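For the sequence shown, the UniProt record's numbering assigns the number 1 to the initial residue and increments by one for each residue that follows.
Glycine included, every Cβ here is placed at the ideal spot set by N, Cα and C.
Fair warning: this is a prediction, and the values are worked out from it, not measured in the lab.
Structure record follows, encoded as structure tokens.
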Amino acid sequence: YKVDGQWSGMIDDLYSGRAELGTNLVVTEERLDVVSYTDSLAPFQVRFIFRQPPLPYVTNIFTMPFSTNVWVAMAVCAVIGTMTVYLAAKWEAKGRKSTQGQTQVNTIGDAMLLTVSAIGQQGCAMEPRKFSGRMMVFVLFTALMALYAAYSANIVVLLQAPSDSIRSLPQLANAKVTLAANDVDYNHFVLKPFNDDVRKSIYRRIDPVKGQKYYYNLQEGVERIRQGLFAFHSIVEPVYRQI
């Protein structure tokens with residue numbers, strides 16, 4: 001590319017006659033005035049290479065283990081369980097005399113507290129005293145224990161799962177990942193001529209006017225790709241060989 005109006009690198013060698021044949025070279029309108037291109041002898045693809053961000057990084061995974069219908073069904077079942085425990089406690093209270101020191105379910109609030117403690121897999125001091133009420137509490141705690149185990153297992157899987165949130169350049173430009181480029185000649189100008197907002201935004205993040213410029217050699221770029229949350233603009237083949 002041009003430096004202070006003068007060609008540099010391989011273009012300068014070809015233009016000045018020091019070389020007659022060059023290797024892979026990005027085609028630009030400006031270069032067509034000084035060099036001639038032949039057909040490509042090997043695949044030449046320049047791409048952003050990155051690992052998809054982890055799923056917890058881009059979305060709230062705590063609502064994902066179950067669908068909306070399942071969450072609604074759980075809420076309905078919790079309400080039904082609360083009402084059933086309350087009715088069982090009221091039924092057994094008809095033939096019961098108050099006993100000093102006993103903590104029993106007496107109100108709908110007590111039944112709700114018992115249900116919430118079952119959802120959180122915690123104990124509760126209040127409990128029914130007769131078989132029917134205790135059977136309802138046993139069913140409630142057992143069902144919610146199985147639900148809690150399924151929810152926890154799904155969360156563990158989702159914590160390790162990758163996302164598919166980046167599928168296009170606009171998504172990459174808006175993603176919370178570091179954008180960088182291989183420190184070779186073409187990357188210093190290949191994105192610069194574009195006028196669309198997406199590519200201009202990407203170029204400004206790689207090569208800001210002020211502050212650190214994000215150009216790395218191939219080895220360092222591949223290592224940062226492995227670490228994640230890093231997109232590296234380079235020729236595809238050498239990067240894949242390093243990976």
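Quick check: the Cα distance between residue i and residue j, rounded to an integer number of angstroms?
i, j, result
"asparagine 174", "serine 165", "11 Å"
"phenylalanine 131", "threonine 68", "35 Å"
"asparagine 154", "isoleucine 235", "38 Å"
"methionine 145", "alanine 89", "22 Å"
"glycine 81", "tyrosine 57", "36 Å"
"threonine 23", "tyrosine 15", "14 Å"
"isoleucine 11", "proline 208", "26 Å"
"leucine 218", "tyrosine 240", "11 Å"
"glutamate 127", "leucine 159", "37 Å"
"valine 26", "asparagine 60", "42 Å"
"lysine 210", "tryptophan 71", "49 Å"
"proline 170", "threonine 178", "14 Å"
"glycine 5", "valine 184", "19 Å"
"tyrosine 37", "phenylalanine 62", "55 Å"
"lysine 200", "glutamine 212", "17 Å"
"arginine 31", "lysine 2", "10 Å"
"phenylalanine 44", "valine 156", "40 Å"
"tyrosine 124", "threonine 142", "The sequence shown places cysteine at residue 124, rather than the tyrosine named in the question. The alpha-carbon atoms of cysteine 124 and threonine 142 are separated by roughly 15 Å."
"arginine 129", "glutamate 92", "8 Å"
Identify which residue in the options has its Cα closest to the Cα of residue i.
i, options, result
"alanine 180", "Ser168, Val34, Ile202, Leu147", "Ile202"
"valine 190", "Phe131, Lys176, Ile206", "Ile206"
"serine 8", "Glu223, Tyr186, Lys213, Glu237", "Tyr186"
"phenylalanine 50", "Leu14, Gly221, Thr142", "Gly221"
"glutamate 29", "Pro193, Arg134, Tyr214, Asn217", "Pro193"
"glycine 133", "Ser117, Val116, Ala111", "Ala111"
"alanine 231", "Asn182, Met83, Val34", "Asn182"
"glutamine 122", "Ile108, Val137, Ser36", "Val137"
"valine 46", "Asp197, His233, Ile108", "His233"
"lysine 176", "Thr115, Gln52, Leu41, Ala42", "Gln52"
"alanine 75", "Asp13, Asp196, Thr115", "Thr115"
"valine 34", "Asp13, Ser168, Met83, Asp196", "Asp13"
"serine 168", "Val198, Glu237, Leu113", "Val198"
"leucine 87", "Leu41, Ser40, Met135", "Met135"
"histidine 188", "Asp196, Arg204, Ser40", "Arg204"
"alanine 42", "Gln242, Pro238, Ile243", "Pro238"
When DSSP labels each residue in this structure, what does residue i get in the three-state scheme?
i, result
"threonine 178", "strand"
"arginine 47", "strand"
"residue 257", "An answer regarding residue 257 cannot be provided, because it is not within the stretch 1 to 243 covered by the chain."
"leucine 14", "helix"
"isoleucine 202", "helix"
"phenylalanine 62", "helix"
"isoleucine 243", "coil"
"proline 208", "coil"
"valine 3", "strand"
"proline 193", "coil"
"proline 54", "strand"
Just confirm the distance between the C-beta atoms of residue i and residue j, as a whole number of angstroms; I'd bet it's less than 8 Å.
i, j, result
"leucine 147", "valine 85", "Not a contact, Cβ separation roughly 17 Å."
"proline 54", "proline 162", "6 Å"
"tyrosine 216", "arginine 224", "7 Å"
"leucine 172", "phenylalanine 48", "6 Å"
"isoleucine 119", "alanine 78", "7 Å"
Beta carbon of residue i: closer than 8 Å to some heavy atom of the ligand COA?
i, result
"glycine 123", "With respect to the ligand COA, the structure offers nothing, as it holds no ligand at all."
Threshold first: 4 residues or longer. Then list the alpha helix (DSSP H) segments lying entirely within the UniProt domain "Ionotropic glutamate receptor C-terminal" (68-176), N to C.
68-93, 108-119, 131-159, 169-174
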